[in-house]
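Below is one structure, written out as structure tokens, with a few remarks after it.
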Amino acid sequence: MFSRFSKTPASPRPGTPGAPTAAATAPGAAPRVTAAQVPQKPSAEALAADRDKKRKERLTELKVSIHRRLLEDLNLSALESATEQSLKQEIASLASEALDEMSVALNKEDRLALNQELYDEVMGLGPLEPLLKDETINDILVNGPKRIFVERAGKLELSDVTFRDERHLLRIIDKIVSAVGRRVDEQNPYCDARLQDGSRFNCMIPPIAVDGSLVSIRKFKKDKLKIQDLVNFGAFTEEMAAYLQAAVSCRLNIIVSGGTGSGKTTTLNALSSFIDNHERVLTIEDTAELQLQQIHVGRMESRPANVEGKGAVTQRDCLRNALRMRPDRIIVGETRGEEVIDMLQAMNTGHDGSMTTIHANNPRDAISRLENMVALAGIEMPLKAMRSQIASAVNLIVQASRLQDGTRRMTSITEITGMEGEVISMQEVFRFERLGIEPNGRIIGRFNATGIRSSYSDRFRQWGFDLPASIYEPIV
Ligand SMILES: Nc1ncnc2c1ncn2[C@@H]1O[C@H](COP(=O)(O)OP(=O)(O)OP(=O)(O)O)[C@@H](O)[C@H]1O
Ligand SMILES: [Mg+2]
């Protein structure tokens, strides 16, 4: 009957696990809460929510027992060559057969939901699948099997999706990491990976994760936010965009600084759109996220060591090699370690126009982070020498921030102007001014120029970017 995928024709089996409950046997009926069971008459809304919850629980129960049977009955090796359509049909038939045997009748909606969930379990990432498909979700954060948070429009919210138990969650984690040839176990309790759709994945399992496995997923967006989108979202103004265009086109070395999830990579990606199409750009990342639009782009991704501790290719290795590949510009997704030395050197020696991001809360901190990284890389040089290296390498720091209300803004554009004694001197050209907060928590503020004219104005003009003096004038 299901010859293409079935190992053996499914036979009726008595005592099937997950036998239906009394409520489940009534066709299409969801369990109801009766007035006698509740002390006060609940509102219609509460009743509906309760019905919905029970319906979901029942579907989960059914899913578990049918899934177990599917794994036994499906010929897993045939799955790989199957089309999505035929596999869905196959699963629907097996599920319907199992439901008949269990004498469970479901309405059409529940049946479709069950089939989809079964398909996601067999072929995809189970409960994570609908969240991965939901375009409005940016991040998925799993804190143990029962708490899955999602970030929508900058706000974290608890989703109503759950895993059955820790084993279920571990099975999905295992599926993800084994697909990229890695494994997590007591010896290696955490791992970075990339999902098939390009999303960034990190997990940590017990006992290091105390209350159940922790998973974080940064969803990959095919359509990255462009400069105009960011302006429309209020991340920065048209004037700031014009300034940034001049800065990138005139090959300033730029660092995008920001906290975690503040929009650093998004900003870097958007800035890269100003790079001229004839330039050769090499990108280096731990997890390839950048999507440059130029035709001449070489992408590199570092690789962690394998289980035996061998085969690691670090960002620094990639960067050193990149310098031999005749790049016009080098973009490092995030500078977080010893590659800082080569990055600064590249910026100082003819690869101007290079860009990277750094984890820091303000431009001053970004410089301190650079100093710390240089020191940690084991380079011994006097502080002043190190600072003057940094000052001559970096031209501009763009600060990305995620504000309390979830909005992401470019809170500062700061130029590095040189050294004063032992100190790196900087000047802020644009900033976000916070003016107050609305009762609903929304932050009131505006972007403003500081009144300081860019120290690169002459360079901008010489390169054909004659920015009007008015963009540097502050609103008072
Ligand atoms: N201005 C913005 N408006 C709305 N969403 C944004 C904005 N900037 C970034 N995002 C979204 O926020 C999420 C985080 O952005 P991004 O990956 O750029 O952050 P990040 O600082 O690089 O994070 P990490 O520190 O984890 O690398 C992404 O899903 C992105 O699409
Ligand atoms: Mg990033």
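The working numbering runs 702 ahead of the 1-based position in the sequence shown.
Think of the CB as a built atom: it goes at the ideal place given N, C-alpha and C, for glycine as much as any other residue.
The alpha-carbon separation between glycine 914 and valine 863 amounts to approximately 16 Å. As summarised for the region 953-1035, the continuous alpha helix (DSSP H) elements at least 4 residues long and confined to that stretch are 966-974 and 1017-1024, given in chain order.
Around glutamate 868, the same chain offers Gly846, Pro847, Pro908, Gly914 and Ser915 as residues with beta carbons nearer than 8 Å, after the five sequence neighbours per side are excluded.
Only exposed fits serine 783, as fewer than 16 other CB atoms lie within 10 angstroms of its CB.
When only Cα atoms are considered, threonine 1116 and threonine 838 end up about 32 Å apart. Considering only Phe1149, Asn1142 and Pro1141, the residue with the shortest C-alpha distance to glutamate 1135 is Phe1149. Glutamate 991 and phenylalanine 851 have their C-alpha atoms some 22 Å from each other. Rounded to the nearest whole angstrom, the C-alpha separation of methionine 825 and leucine 816 is 14 Å. In this structure arginine 771 is buried. Its beta-carbon is surrounded by 16 or more other beta-carbon atoms within 10 angstroms. These are the residues, in chain order, with a beta carbon less than 7 Å from any non-hydrogen atom of ligand 2: Lys966, Thr967, Glu991, Gly1035, Glu1036 and Thr1059. Only residues of its own chain outside the window of five on either side were considered, and among them Phe922 have a CB closer than 6 Å to the CB of aspartate 899, listed in chain order. Closest by C-alpha distance to glutamate 1036, out of Ile910, Ile875, Ser1159 and Ile957, is Ile957.
The beta carbons of arginine 1104 and serine 964 sit about 5 Å from each other, so the pair counts as a contact at 8 Å.
By the beta-carbon neighbour count (other beta carbons within 10 angstroms, threshold 16), serine 1156 is buried. When C-alpha distances from valine 1076 are compared across Asn1063, Ile1092 and Asp1054, the shortest belongs to Ile1092. Residue state for asparagine 1150 is assigned as strand, using DSSP reduced to three classes. A distance below 8 Å separates the beta carbons of threonine 969 and valine 1100. For tyrosine 892, the enclosing beta strand (DSSP E) has its first and last residue at 892-896. Using a cutoff of 7 Å, the CB of phenylalanine 935 counts as near ligand 1, since one of the ligand's heavy atoms is closer than that. Closest by C-alpha distance to glutamate 763, out of Trp1165, Ser975 and Arg866, is Arg866.
Contact between the region 1080-1095 and the region 931-944 is absent: fewer than 3 CB-CB pairs across the two stretches fall below 8 Å. Nearest in C-alpha terms to asparagine 904, of all of Arg1089, Asp802 and Thr989, is Thr989.
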